[in-house]
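Colleague: So that you can map any letter, position 597 of the sequence shown is 599 in the numbering used here, and since no number is skipped, the others follow by simple counting.
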Amino acid sequence: MKTLKYFLSIFILISAVLSCNEDELGSTDFVDSVVAPTNVTVVFDITQDNTGLVTITPNSEGAVSYDIYFGDDTSDPVNVKQGKNITHIYAEGNYEVKVIAAGITGLKTEITQPLTVSFKAPENLVVTIENDAAISKQVNVTATADFATTFDVYFGEEGNDDPVAANIGETVSYIYAEPGIYTIKVVAKGGAIETTEYIVENFEVTAILQPLMKAPTPPTRNETDVVSIFSDKYTNITVNEWNPGWGQSTVLSSFDVDGDNILKYDYLNYTGIVTDYDNPTDLSTMEYIHFDYWTNDAESIGFKIVNTNQADGSPEKESEITISEITEGEWVSVEIPLTDFTTNMSEITQMLFVSNGVTVFIDNLYFYKAPSGVMKLMIEDFEGTAPTFTDFGNAGVQVISNPDISGKNTSATVAQFTKPSGADTWAGSYFEVATALELSTYSNISVKTWSPKVGAVVKLKLENSDASIVYEVDMNTTVANEWEELVYDFSEAPVADYVRVVIFFDFGNSGDDTVYYYDEVQLVSSGGEITPLTGTWKLAPEAYAFKVGPAPESGEWWASSADDVTARACLFDDTYVFGTDGSFTNVLGTDTWLEAWQGVAADGCGTPIAPHDGSNPATYSYDSNAGTVTLNGIGAYLVLSKANNEGELPNVPVPDSITYNVTFSDNDNTMTVVIEIGAGSGTFWTYKLVKA
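#1: Let's test the definition: count the other Cβ atoms within 10 Å of the Cβ of PRO124 and tell me whether it reaches 16, buried, or not, exposed.
#2: Can you tell me which of the three DSSP states GLU337 falls into?
#3: For a test of the three-state rule: what should DSSP assign to GLU332, helix, strand or coil?
#4: Checking 8 angstroms against the spacing of the C-beta atoms, do THR427 and GLU555 come in under that value?
#5: According to DSSP, which residues form a beta bridge with ASP69?
#6: Shortest alpha-carbon distance to GLY680 belongs to which of PHE686, GLU648 and THR672?
#7: Answer with buried or exposed for THR5, where buried requires no fewer than 16 other C-beta atoms within 10 angstroms of its C-beta.
#8: Pull up the distance between the alpha-carbon of ILE471 and that of THR40, whole angstroms please.
#9: Here's the rule I'm using: 16 or more other beta-carbon atoms within 10 Å means buried, otherwise exposed. How should LEU211 be labelled?
#10: Taking buried to mean at least 16 other C-beta atoms within 10 Å of its own C-beta, is TYR178 buried or exposed?
#11: Using CA atoms only, rank isn't needed, just tell me which of GLU465, ASP575 and TRP559 is closest to ASP566.
#12: So the beta strand (DSSP E) ALA147 belongs to, where does it begin and stop?
#13: Is the stretch 419-436 in contact with the stretch 510-521, if contact means three or more CB pairs nearer than 8 angstroms?
#14: Quick one: measure Cβ to Cβ for ILE636 and VAL656, integer angstroms, because I've assumed they're closer than 8 angstroms.
#15: Hey, could you find the ends of the beta strand (DSSP E) PHE574 is sitting in?
#16: Please work out which residues of its chain come closer than 6 angstroms, Cβ to Cβ, to VAL559, disregarding the five sequence neighbours upstream and downstream, and give them in chain order.
#17: Indicate the three-state DSSP secondary structure (helix, strand or coil) for TRP559 in the structure shown.
#18: With respect to the beta strand (DSSP E) encompassing SER321, which residues constitute its N-terminal and C-terminal limits?
#19: Going by beta-carbon coordinates alone, are VAL503 and TYR444 separated by less than 8 angstroms?
#20: Assign ASP514 to one of three DSSP states: helix, strand, or coil.
#21: So, using beta-carbon positions, are GLY616 and PHE580 closer together than 8 angstroms?
#22: Which word fits TRP595, buried or exposed, when buried means at least 16 other C-beta atoms lie within 10 angstroms of its C-beta?
#23: Which whole-angstrom value is the C-beta distance of TYR708 and ALA438, which I expect to be below 8 angstroms?
#24: Checking the sheet assignment: what are the DSSP bridge partners for HIS292?
#25: Could you name the residues of the same chain whose beta carbon sits closer than 6 angstroms to that of ILE102, not counting the 5 residues immediately before and after it, in chain order?
#26: Less than 8 angstroms separating the beta-carbons of VAL356 and TYR272?
#27: Of all the beta strand (DSSP E) runs that stay within the bounds of the stretch 449-527, which reach a length of 3 or more residues?
#28: Could you give the residue range of the beta strand (DSSP E) that holds TYR272?
#29: Excluding the 5 residues flanking GLU522 on each side, which residues of the same chain have their C-beta closer than 6 angstroms to its C-beta?
#30: Buried or exposed for THR621, please, with buried defined as at least 16 other CB atoms from any protein chain shown within 10 angstroms of its CB.
#31: Using a 10 Å radius around the Cβ and a threshold of 16 neighbouring Cβ atoms, would you call THR387 buried or exposed?
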């Protein structure tokens, strides 16, 4: 088994801190953003000549070098740079090879990996070959054997004779292009010349033909911000025909996963969805079309919107957008700006899905716009069946008639919280909800409270079902003997399924027979849909903050240095603002980094040049399933204005949109951005952004 430890190179960190004064650092927040190398692995390759010569290849995310402790009587470790390996001759025996991966910041990660060196042929080879339960056409192979160090798997796919290797006891995976019958061979290898083989003929590789999980649940929206055609989340409008007889081959049937209703289209060449010819649907105020699809054989999926009240031949009558890059075997969320269509959206009567005669599952088909205001969702208003309260610390809670129907709270019933004399300072009470709180959409919780004291701490705490993940926020009462609404910010709460709402009154003080009241516990948005993108971002002030190479997250060809944080300060202080209303802004200040292609004499800091100066309006759309963000607007960009999906400026036209691949870490405080400059070019820029 592997053991994993993290530790800090204290000397390096202290030296870094001592070399900067307070003005240079700004704050000590950078300490929290330092991350040790992750996904540390080591691969062994032993020569099959009875010599015991082992090649050791370490790898990880974020390491620049590795100390290799061989686990034999060699006293000193050997340092290996990232991407390199080391050879070592072992006597027969069992060893624990220790690898310490060091990152550029000084943080380190340690693993140990068992190694068996034997000059006997492997024995007792046990092989498990299985179709993956969740990934279509993926086969997983695990092999164990005595006297074996590694194993090779030949998956038997025509045109691919290269084996996939792994350490003995580990699992290798392979995704076939097509399902079918294959011969799979496993070769166990040790230090001996002789190997041991295991061959399975007629292994059937299977494709997953339908979704095993329901589609992602859409966020809660104001009723005025969404027009839903088919979704269990929203109230759907009337649809008169789901698959009218227009000569198509399509067969429509109902389907569900875990109670979630889904449209299943077999033999889909095209299908119509007719709302109401006599009462067309007005989509003119909506901004996006959303749907989720799942397929394992579609080559493309088109979506057409039709206004039958427009003249034949007019571009305002109908238009279609086709998705040509299809992801198979998983739910994919599609969001298309309605501005991409030419159809007049004021009187829509038909919508069509178009494909190549295959099976496609569709869910959550709706139109929406950015939230028009703050959204609220009631958690508990104590107006029906009272929740079950669990009191502690000698507090007592019950539902009673509102003793003060006035001001901010005129509801009929409220919760009464009594903190008797001698009650603990931490006395409180909680109730549980059936569905986890939607903190991904709502960042705040409001509670109406009544207190006879000004300045009393009212603590609100959220917990998951076993209280292993909790988050609490304190607010103080500001008035006495009247209702007020306290709003708690839970935007920094860690991701969890929060089902328990805990409240404390006058926290920190012992009970004194005071009675408090609370009511209408609600989820509240900050005015828009909350995503990990929401907020202000900037380049991480560190080496390798932006780099370029032949693969995502590679800096093989070039990477920024620690000195660039100062030398290119005008770039590192640029910010990228993603609004809750879907707006995007480049905030560049008075200067940014300019390059010669922009018409300046030499690369360096200078006044921003249009259109890459942040002056044009821009929006963004975030696809959490695909892990992409698209900036819409000429001149909108992240980090380098020259890099886009078609290539690099000035060699290509200035685009009106750019799509980046994004991943989040560090509780969504760090964002890794990758863009390939031209599809298939093999050139990838990678940026590391942090919350500003």
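Glycine included, each C-beta is placed from N, C-alpha and C at the ideal position.
Modeller: Taking the geometry as given:
#1: Taking all protein chains shown into account, PRO124 has 16 or more neighbouring C-beta atoms within 10 Å of its C-beta and is therefore buried.
#2: Correct three-state label for GLU337: strand.
#3: Three-state DSSP puts GLU332 in coil, outside helix and strand.
#4: Contact annotation: THR427 and GLU555 have beta-carbon atoms that are not nearer than 8 angstroms.
#5: Looking at the DSSP assignment, ASP69 forms a beta bridge with ASN81 and ILE102.
#6: Looking only at PHE686, GLU648 and THR672, the smallest Cα-Cα distance to GLY680 is reached by GLU648.
#7: In this prediction, THR5 has a pLDDT of 34, which is less than 50 and means its spatial position is unreliable; what the coordinates show is noted afterwards. It counts as exposed.
#8: One C-alpha to the other measures close to 23 angstroms.
#9: Under this definition LEU211 is an exposed residue.
#10: The residue is buried, with at least 16 neighbouring Cβ atoms inside 10 Å.
#11: For the residues GLU465, ASP575 and TRP559, the minimum Cα distance to ASP566 belongs to ASP575.
#12: For ALA147, the enclosing beta strand (DSSP E) starts and ends at 140-148.
#13: Between the stretch 419-436 and the stretch 510-521 there are three or more C-beta pairs closer than 8 angstroms, enough to call the two in contact.
#14: 6 angstroms between Cβ atoms; contact.
#15: Counting along the chain, no beta strand (DSSP E) covers PHE574; the unbroken alpha helix (DSSP H) around it starts and ends at 571-574.
#16: Checking the displayed sequence, the identity of residue 559 turns out to be Trp instead of Val. Setting aside the 5 residues that flank it on each side, TRP559 is surrounded in the same chain by VAL550 and GLY551, each with a C-beta closer than 6 angstroms to its C-beta; the list follows chain order.
#17: TRP559: coil per DSSP, three-state reduction.
#18: Run containing SER321: 320-325, per the beta strand (DSSP E) assignment.
#19: Cβ distance not < 8 angstroms, so VAL503 and TYR444 don't count as in contact.
#20: Residue state for ASP514 is assigned as coil, using DSSP reduced to three classes.
#21: Note that the C-beta distance between GLY616 and PHE580 is not below 8 angstroms.
#22: With 16 or more Cβ atoms within 10 Å of its Cβ, TRP595 is classed as buried.
#23: It is not possible to answer for residue 708, since the shown part of the chain is limited to 3 through 694.
#24: In the DSSP output, where bridge partners are listed per residue, HIS292 has GLU337 and TYR368.
#25: Excluding residues within five positions, the ones whose Cβ falls inside 6 angstroms are ASP69, LYS110 and GLU112.
#26: With respect to the 8 angstroms criterion, VAL356 and TYR272 are classified as neighbours on the basis of their beta carbons.
#27: With a minimum length of 3 residues, the continuous beta strand (DSSP E) runs that stay inside the stretch 449-527 are 459-465, 472-478, 485-491, 502-507 and 516-526.
#28: Here the beta strand (DSSP E) through TYR272 covers 262-276.
#29: Taking C-beta separations shorter than 6 angstroms and ignoring five residues to either side along the sequence, the partners of GLU522 in its chain run ASP383 and LYS450, following chain order.
#30: Residue burial is scored here from C-beta neighbours: THR621 has at least 16 other C-beta atoms within 10 angstroms and is therefore classed as buried.
#31: Exposed: under 16 other Cβ atoms inside 10 Å.
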